[in-house]
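A.B. asks: Take this structure, written in structure tokens, and hold onto it; I'll ask about it next.
Numbering (UniProt numbering), first residue to last: 1 to 306.
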């Protein structure tokens, strides 16, 4: 056997082993309860309270309910007092033993975090869910066309709550991102990249402190941000998505939260970047989202006149 033959045999073996290991690791995601088991006392062992931002609706509300059902008291935060009060009442009815603290705040305003910190200072916070990172704008646009580049609240909430977790050596932070962060994605640059990279860097820094920091990156979820799309196998309800995503909290510093969305992320990574970055594709994406928005507004106007 000459050198070149031996080289190609070794190379082929290495490729087979490499992809075999990747397939094995991927297959674990299909059985989260088997590979990433979570004890019934897991959440309450982190601390007494969970803080959920953007919790008046959608994914944030679903996280607040799910964590309350796990036995945690919850702090719910948003700018809508009426909606938060309704969420608090619903949690009180369904989980009679859990306390709910309501904080009215608008993360788009400046100088709000000292007041939030004052209201949280005496609480033993074990879980933080940063869910306020909204799209810079609903219609996809290029980076410099966004007028909300400076509205990022997750870092301030982490700075506020992380010290207590580090001193106790336990805690969990979930930063809600988006599945489009799987690759550099045109038109969603700010939203797609920052939360995921921030979470991964923070986890690397504080993993040894016993703190779990994870980026949760869903694709389709039927919320106000996505125009309340009809649920399907791909577009999940907030409640279903949160239920599935909590099964992956021990699966690493990033999860797409459900089997379907994990597969979507894998497929997205196989698409050649040149195709995604082509101007016709970008233009088609903009037109598609605009059309969906117009259809929703038309349906709403029709219902209002009936």
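Even for Gly, the Cβ is constructed at its ideal location relative to N, Cα and C.
(1) Considering just the uninterrupted stretch of the beta strand (DSSP E) at residue 76, what are its terminal residues?
(2) Let me check understanding here. Comparing Cα to Cα, which of 74, 157, 113, 204 lies closest to residue 95?
(3) Where does residue 134 sit, in a helix, a strand or coil, going by DSSP?
(4) Residue 196: buried (16+ other C-beta within 10 angstroms of its C-beta) or exposed?
(5) For residue 176, does the count of other Cβ atoms within 10 angstroms reach 16, so buried, or fall short, so exposed?
(6) Out of 226, 221, 245, state which residue places its alpha-carbon closest to the alpha-carbon of residue 234.
(7) In the DSSP assignment, what residue or residues form a beta bridge with residue 101?
(8) Does DSSP put residue 16 in a helix, a strand or coil?
(9) What is the rounded straight-line gap between the Cα of residue 144 and the Cα of residue 286?
(10) With respect to the beta strand (DSSP E) encompassing residue 45, which residues constitute its N-terminal and C-terminal limits?
(11) Per DSSP, which one or two residues make a beta bridge with residue 128?
(12) Which of helix, strand or coil does DSSP assign to residue 215?
(13) CB residue 76 to CB residue 100, shorter than 8 Å?
(14) Which one or two residues does DSSP pair with residue 255 in a beta bridge?
(15) Here's the rule I'm using: 16 or more other beta-carbon atoms within 10 Å means buried, otherwise exposed. How should residue 149 be labelled?
(16) According to DSSP, is residue 246 part of a helix, a strand, or is it coil?
(17) Check the DSSP bridge columns for residue 221 and list the partner residues they point to.
(18) State the DSSP-derived secondary structure class of residue 96, mapped to helix, strand or coil.
(19) Considering only C-alpha positions, which residue in the set 132, 164, 90 is nearest to residue 117?
(20) Counting pairs of Cβ atoms below 8 Å between the region 209-217 and the region 249-257, do you hit three or more?
(21) Kindly give me the distance between the Cβ atoms of residue 244 and residue 258, rounded to whole angstroms, as I take these residues to be in contact under 8 Å.
(22) If I follow the unbroken alpha helix (DSSP H) through residue 165, where does it start and stop?
(23) Taking 8 Å as the cut-off, does the region 101-108 touch the region 82-92 (at least 3 CB pairs, one atom from each stretch)?
(24) Could you check what DSSP says for residue 121 in three-state terms: helix, strand or coil?
(25) Determine the extent of the alpha helix (DSSP H) in which residue 32 is found, giving its start and end residues.
(26) Can you tell which of 131, 24, 298 has its C-alpha closest to the C-alpha of residue 61?
(27) Within a Cβ cutoff of 7 Å, which residues of the same chain sit near residue 113, ignoring the five residues on either side of it in sequence?
(28) Can the beta-carbon of residue 154 be found closer than 8 Å to that of residue 219?
C.D. replies: Inspection of the coordinates gives the following:
(1) 73-78
(2) 74
(3) At residue 134 the pLDDT is 49, less than 50, meaning the model places this residue with poor confidence; the figure from the coordinates comes in the next sentence. If DSSP states are grouped into helix, strand and coil, residue 134 belongs with coil.
(4) buried
(5) buried
(6) 221
(7) 75
(8) helix
(9) Confidence is the limiting factor: at residue 144 the pLDDT is only 41, short of 50, which leaves the residue's position unreliable and the question unanswerable from this model.
(10) Segment 42-46 is the alpha helix (DSSP H) holding residue 45; no beta strand (DSSP E) there.
(11) 51, 173
(12) strand
(13) yes
(14) 216
(15) Because residue 149 carries a pLDDT of 47, less than 50, the predicted location of this residue cannot be relied on, and the following value inherits that uncertainty. Under this definition residue 149 is an exposed residue.
(16) helix
(17) 236
(18) coil
(19) 164
(20) yes
(21) 4 Å
(22) 154-168
(23) yes
(24) coil
(25) 32-35
(26) 131
(27) 156, 160
(28) no
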